[in-house]
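Before any comments, here is the structure.
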Amino acid sequence: MTENMEAYLNELSVKAFSNNKDAQDAFSLLGRCLSKMSELGVSNVRMTNEAMGKGMLPGQTWNRILNNETVIDKDLKSVLIAKLCTLEPVDSLEDKYNVLGFSYNGIPCKGLGWASEAMENTLALGFRQKDAWDNGSYDVDISLLDEDGNELPLTSGCKHVVSPDGVETHRDFLLKKINIPTNGKVLAKRSAKLFPHLRFAEQASNQLDKIKDPAVVQQIYWRLSDLERVAANSTSPVSPEKFKYKTTPESETRSRLPQLKILFSDGETRLCSWHSRFTPGAGRIHFCPNESEQIFYIGYIGEKIAD
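Okay, structure coming up:
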């Protein structure tokens, strides 16, 4: 079970307000969002140094405006201080995911990036603006380093909220996220119930059973959920674009690797030449799709298999 679920502030939505009343309304709405997110299990919202350094009223950045009682009363101030915390330093996150950077329409965007589905898969919280940031989702361009040190560009969706009603639309997602197992042993035991269209080889179950890093287990959970979704709806041969996360067949050369021929409990040996990638690290879930049965056979969960 996830103990500390975090969200991220969209620093691109932080702007200068024209007067105290506009700032007061914006912070009041932000406070109500934080309260609603707290109800649904979000423990805190991380914000960047860029957001904290932006001028919001003449001569007032984030820290100054927190002490401006004409904008933020004591009750709201206590909520903001309790729920908002700094994102920096992000070295551990960058190392975990091998991230080079994030951008939205060419503008760097750490908040949207870290909240995106490919990264921490949570909510980005923004200030409501007229004619801006009113969509429930945005696509973020991400630049990663792959396991061979090559730059790997990808685009990922990011759930975005600016109001308590917006937060409410993600109730099921947040409550499910709270209940994601953070231990591989628990996820392995619950896999049959969570993923009825997936069949796990004994090898894959044993590999999952031994994974203890909660961040890795959560990423595996989301990939398996993606495979479950596609398997349950497969009526034709699978293709990479059907998956939310990067999922592809191996090359013809790598498909010959003996480690990809895996024995299942029905006595069949299957070639698990498709794989879904997961981070941190060069994680792989190898599987064999059977579209006619709407079943995917999961054969391997772990680091990339060496050539």
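Position in the sequence shown (first residue = 1) + 168 = our numbering. Virtual Cβ for every residue (Gly too), placed ideally from N, Cα, C. Just so it is clear, the structure is predicted and the values come from calculations on it, not from any experiment.
8 Å contact criterion, which residue i and residue j should meet: CB distance rounded
i, j, result
"I453", "R367", "No, I453 and R367 are not in contact; Cβ-Cβ is about 13 Å, not under 8 Å."
"L376", "I469", "5 Å"
"K278", "L255", "6 Å"
"V308", "F270", "6 Å"
"S284", "S324", "4 Å"
"S331", "E319", "The Cβ separation is near 37 Å, so there is no contact."
Nearest neighbour of residue i, chosen from the options [CA to CA]
i, options, result
"G246", "L313, P426, S203 and V335", "One detail in the question is off: residue 246 reads as Ser in this sequence, not Gly. Nearest C-alpha to S246: S203."
"F464", "R422, I310, A372 and S196", "A372"
"K345", "T290, C326 and L362", "T290"
"L447", "A219, C440, E471 and M215", "Rather than Leu, the amino acid found at residue 447 in this sequence is Thr. Nearest of A219, C440, E471 and M215 to T447, Cα basis: E471."
"I430", "P408, V329 and F455", "F455"
"S186", "E174, L177, P226 and V330", "P226"
"S441", "F432, I388, T416 and S460", "T416"
"L355", "M287, D333, I379 and L343", "I379"
"R445", "Y413, A369, K361 and G209", "Y413"
"K407", "R422, A360, N231 and N458", "Correcting the residue type first, residue 407 is Ser in the shown sequence and not Lys. Of R422, A360, N231 and N458, the residue nearest in Cα terms is N458."
"E174", "D340, V213 and N188", "V213"
"A191", "L313, N236, I348 and I473", "N236"
"R424", "I473, F432 and V267", "I473"
"L342", "Y265, V329, S433 and V258", "V329"
"E207", "Y306, A194 and H338", "H338"
Strand pairing of residue i, partner residues [DSSP]
i, result
"S444", "T415 and I453"
"F368", "I466"
"G269", "S311"
"R438", "I430"
Legend entry - Secondary structure, alpha helix (DSSP H): runs of 4+ residues fully inside the region 273-334: 278-283
Legend entry - beta strand (DSSP E) runs contained entirely in the region 382-429, provided each spans 3 or more residues: 415-417
Legend entry - Validate contact between the region 278-297 and the region 177-194 using beta carbons, cut 8 Å, 3 pairs: yes
Inset, instruction - Could you say if the region 295-304 and the region 193-200 meet the contact criterion of at least three C-beta pairs nearer than 8 Å? - result: yes
Legend entry - Meets three-Cβ-pair contact criterion under 8 Å: the region 350-365 and the region 390-405: yes
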